[in-house]
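Here the numbering used here is used: the first residue of the first sequence is 40, the next is one more, and so on.
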Amino acid sequence: MNIFYRYQEEVVKILNTMIAGGELPAGLDLSRVKVEPPREAAHGDMATNAAMVLSKPAGKNPRQLGELLAAKLKAVPGVAETSVAGPGFVNFRLQPEQWLEIIREILVSGIHYGDSKMGKGEKVNIEYVSANPTGPMHAGHVRGAVIGDTLASLLEKAGYDVTREYYFNDAGTQVDVLARTVHLRYREALGENIGDIPNGLYPGEYLKDVGQALAKFDGDKWIGKDEKIWMEPIRHFAVQFMIGMIKKDLDLIGIHHEVFTNEREVVENGTLDNVFKILQEMDLIYQGTLPPPKGKEMEDWEPTELTLFRSSRFGDSSDRPLKKRDGTWAYIMPDIAYHYDKIKRGYKWMINVLGKDHGNYLDKMRPAVAALSNGQAKVDVIFNAMVKVLKNGEPVKLSKRSGNIITLREMVEEVGAGAVRFFMLSRTPDSELEFDFVKAVEQSKDNPVFYVQYAHARCYSVLRNARTMWPDIDLSAGALAKANMKRLASEEDLKLVRLMAGWPRHVESAAEAHESHRIAIYLHDLASEFHGFWNKGRDDTTLRFLIEQDKDLSVARLALVKAVATVIASGLAVMGVTPVEEMHG
RNA sequence: GCGCCCGUAGCUCAAUUGGAUAGAGUGUUGGCCUCCGAAGCCAAAGGUUAUGGGUUCGACUCCCGUCGGGCGCACCA
Numbered sequence: 040m041n042i043f044y045r046y047q048e049e050v051v052k053i054l055n056t057m058i059a060g061g062e063l064p065a066g067l068d069l070s071r072v073k074v075e076p077p078r079e080a081a082h083g084d085m086a087t088n089a090a091m092v093l094s095k096p097a098g099k100n101p102r103q104l105g106e107l108l109a110a111k112l113k114a115v116p117g118v119a120e121t122s123v124a125g126p127g128f129v130n131f132r133l134q135p136e137q138w139l140e141i142i143r144e145i146l147v148s149g150i151h152y153g154d155s156k157m158g159k160g161e162k163v164n165i166e167y168v169s170a171n172p173t174g175p176m177h178a179g180h181v182r183g184a185v186i187g188d189t190l191a192s193l194l195e196k197a198g199y200d201v202t203r204e205y206y207f208n209d210a211g212t213q214v215d216v217l218a219r220t221v222h223l224r225y226r227e228a229l230g231e232n233i234g235d236i237p238n239g240l241y242p243g244e245y246l247k248d249v250g251q252a253l254a255k256f257d258g259d260k261w262i263g264k265d266e267k268i269w270m271e272p273i274r275h276f277a278v279q280f281m282i283g284m285i286k287k288d289l290d291l292i293g294i295h296h297e298v299f300t301n302e303r304e305v306v307e308n309g310t311l312d313n314v315f316k317i318l319q320e321m322d323l324i325y326q327g328t329l330p331p332p333k334g335k336e337m338e339d340w341e342p343t344e345l346t347l348f349r350s351s352r353f354g355d356s357s358d359r360p361l362k363k364r365d366g367t368w369a370y371i372m373p374d375i376a377y378h379y380d381k382i383k384r385g386y387k388w389m390i391n392v393l394g395k396d397h398g399n400y401l402d403k404m405r406p407a408v409a410a411l412s413n414g415q416a417k418v419d420v421i422f423n424a425m426v427k428v429l430k431n432g433e434p435v436k437l438s439k440r441s442g443n444i445i446t447l448r449e450m451v452e453e454v455g456a457g458a459v460r461f462f463m464l465s466r467t468p469d470s471e472l473e474f475d476f477v478k479a480v481e482q483s484k485d486n487p488v489f490y491v492q493y494a495h496a497r498c499y500s501v502l503r504n505a506r507t508m509w510p511d512i513d514l515s516a517g518a519l520a521k522a523n524m525k526r527l528a529s530e531e532d533l534k535l536v537r538l539m540a541g542w543p544r545h546v547e548s549a550a551e552a553h554e555s556h557r558i559a560i561y562l563h564d565l566a567s568e569f570h571g572f573w574n575k576g577r578d579d580t581t582l583r584f585l586i587e588q589d590k591d592l593s594v595a596r597l598a599l600v601k602a603v604a605t606v607i608a609s610g611l612a613v614m615g616v617t618p619v620e621e622m623h624g
């Protein structure tokens with residue numbers, strides 16, 4: 040259990056005793072009482088807001104209440120000293136052993152340090168990538184892919200039951216275009232001179248592979264036939280091929296979805312009709328005419344009676360059409376049906392990672408999900424902004440082979456999967472990101488991937504040197520956990536430990552906010568603290584990790600170093616980045 | 001015009017979801033290698049958090065207005 044909760048419980052226990060003893064009025068709401076690390080380390084190890092939160096309902100001066108609480112808190116085992124500060128914060132320090140215990144916990148838990156039960160095993164569905172199967176993965180897809188995949192890992196670490204899902208549209212006009220292009224490439228594969236790819240078809244040369252595969256598979260059976268005959272089989276063939284290609288691309292950055300759902304299936308298996316019926320039975324469907332959009336000049340607007348969904352009952356700005364005027368389904372209908380399918384599969388949260396240009400997707404889905412789940416399920420959408428791909432500050436030249444895009448494969452081959460993933464998480468999703476091929480492999484502190492990896496490698500460097508110094512030393516986590524941690528008495532030691540003690544809190548708050556990029560920020564902080572410690576050892580020999588004359592202290596420091604490496608590895612694991620034990624090059 | 005997102009150091013971005021003196025990197029200035037990896041570290045400097053109100057013990061964070069930017073705006077995917 041995370042150490043802050045432990046002391047939060049102690050604080051609540053004290054408050055309850057005070058209520059029982061009449062020092063505080065009964066019926067106080069203690070849910071807002073928190074124990075957190077103070078912003079300034081100088082204030083203490085932990086701080087509680089209890090006195091400030093309760094002063095009004097308890098009718099007491101916050102400082103006085105704080106003094107009362109501080110006095111009682113001081114008697115709690117493990118607490119070294121307490122004080123009241125500012126508007127009524129109760130700050131307290133723990134006995135160093137309390138902190139040092141964290142090192143043992145990290146060593147024993149390994150990469151699972153920071154795992155939480157916050158999610159209570161609730162089912163969460165994260166849908167990401169979801170690119171249409173018409174081409175290879177490219178720069179435009181990578182960011183959402185990494186954000187979604189990392190969020191999935193993060194939520195798993197926080198105790199949710201996560202499904203990684205990919206939804207692709209194989210029912211729209213784009214896949215028909217794909218089929219036509221593939222037919223052309225197929226004729227080419229069979230020796231025909233097709234000339235330039237006509238406008239409106241996909242120019243990328245990657246479709247040559249599909250054409251060739253089709254030629255090998257079906258021979259010349261589609262030559263000279265009418266489109267009506269070959270459209271469906273070739274579309275199917277091409278879509279399957281592209282999905283296979285996308286899976287291979289995603290594998291390059293370690294992304295593996297568990298469930299692939301296609302739109303055609305949702306339509307053909309009747310889910311869509313079923314959902315419409317359900318909405319009708321709920322009396323949420325009617326025939327009506329919407330007012331024109333406010334203020335916008337619509338030259339072609341004319342009042343039309345459409346089949347409408349009463350989404351405004353669920354917070355939407357207006358009702359929405361589910362059928363076009365010709366009676367066919369509006370485009371949001373399959374999406375609604377798909378979400379209904381997810382609801383039926385038991386998800387409490389449905390998270391969707393989309394590009395910023397999808398604007399009001401959330402507004403459209405939320406009412407439908409609220410209606411269809413009876414308010415039980417929630418949708419969230421993470422919108423991510425564009426990635427600008429640069430090389431030394433200059434826009435990267437586009438590749439002909441892939442159809443004038445920068446493919447994921449090129450990115451990974453040039454800088455490695457770890458750097459790609461780390462960079463994609465280095466900013467909040469909604470801000471634009473520059474991905475520079477040169478910077479991503481630069482070996483300096485400007486490069487956050489390098490900086491964090493370097494800290495990890497340095498840890499292992501220390502461990503290697505320890506073995507040189509004491510060839511028979513046992514560096515296993517189990518052995519190091521038995522080190523004499525009390526020797527870690529310097530402020531530098533404790534700063535690192537406190538930071539690592541906060542890892543479980545970061546995991547939980549990042550998971551709750553659905554913000555995977557915070558992991559990268561935390562790791563950067565930790566790496567920075569470690570590099571700082573390392574350099575202090577240059578001036579002050581008592582702060583070296585390895586001190587030949589003092590093996591007892593050295594072993595304790597080795598435990599600390601191993602713990603740092605473990606927490607970094609734990610964070611990188613969430614990000615899907617492999618930690619390195621040595622830098623090379 | 002309506003809705004959503006955003007506005008933080010010269011630049012690129014954080015800020016433990018309402019906490020105490022708003023932090024990193026870059027750029028500028030000055031230091032640190034007989035020493036576990038200087039691929040790094042330390043120090044100085046840089047701010048009325050776009051702006052005006054409000055909510056409360058306390059606001060970058062929540063609410064309202066204004067200014068500025070991005071995206072989306074009946075039935076097109």
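Note that CB positions come from ideal geometry on N, CA and C, so glycine has one too. All figures in this text were calculated on a predicted structure; none of them were measured in a lab.
Which of helix, strand or coil DSSP assigns to residue i
i, result
"F489", "helix"
"Y499", "helix"
"S350", "helix"
"K484", "coil"
"N523", "coil"
"E302", "helix"
"A114", "coil"
"I324", "strand"
"H177", "strand"
"I445", "coil"
"D200", "strand"
"D358", "coil"
Residue i versus residue j: straight-line alpha-carbon distance, rounded
i, j, result
"T220", "F280", "13 Å"
"K95", "Q134", "32 Å"
"V428", "T189", "21 Å"
"K316", "Y379", "12 Å"
"R71", "P618", "38 Å"
"R537", "I421", "31 Å"
"T581", "I165", "49 Å"
"E231", "G250", "12 Å"
"N486", "R466", "13 Å"
"I145", "Q482", "29 Å"
"T87", "T605", "29 Å"
"W542", "K601", "15 Å"
"I586", "C498", "15 Å"
C-beta atoms of residue i and residue j nearer than 8 Å
i, j, result
"I285", "P172", "yes"
"Y206", "S169", "yes"
"I607", "A516", "no"
"G234", "G442", "no"
"A178", "I445", "yes"
"A424", "L464", "no"
"I141", "M539", "yes"
"V118", "V163", "no"
"V74", "Y46", "yes"
"A520", "R143", "yes"
"S412", "I186", "no"
"A376", "L318", "no"
"V594", "A528", "no"
"I42", "L108", "no"
Burial state of residue i (16 or more Cβ within 10 Å)
i, result
"F128", "buried"
"K159", "exposed"
"Q492", "buried"
"D68", "exposed"
"I268", "exposed"
"K111", "buried"
"K15", "Residue 15 lies beyond the range of the chain shown here (40 to 624); nothing can be said about it."
"R506", "exposed"
"S357", "exposed"
"S192", "buried"
"K478", "buried"
Any non-hydrogen atom of the ligand NAD closer than 7 Å to residue i Cβ
i, result
"S350", "Here there are no bound small molecules, and the ligand NAD is not part of this structure."
Open item on the list: Would the segment 152 to 169 count as touching the segment 211 to 218 if we require 3 or more Cβ pairs under 8 Å?
Closed with: no
Open item on the list: For the pair the segment 411 to 426 and the segment 150 to 160, tell me if three or more CB-CB distances fall below 8 Å.
Closed with: no
Open item on the list: Within 8 Å, do at least three Cβ pairs link the segment 316 to 331 to the segment 339 to 357?
Closed with: yes
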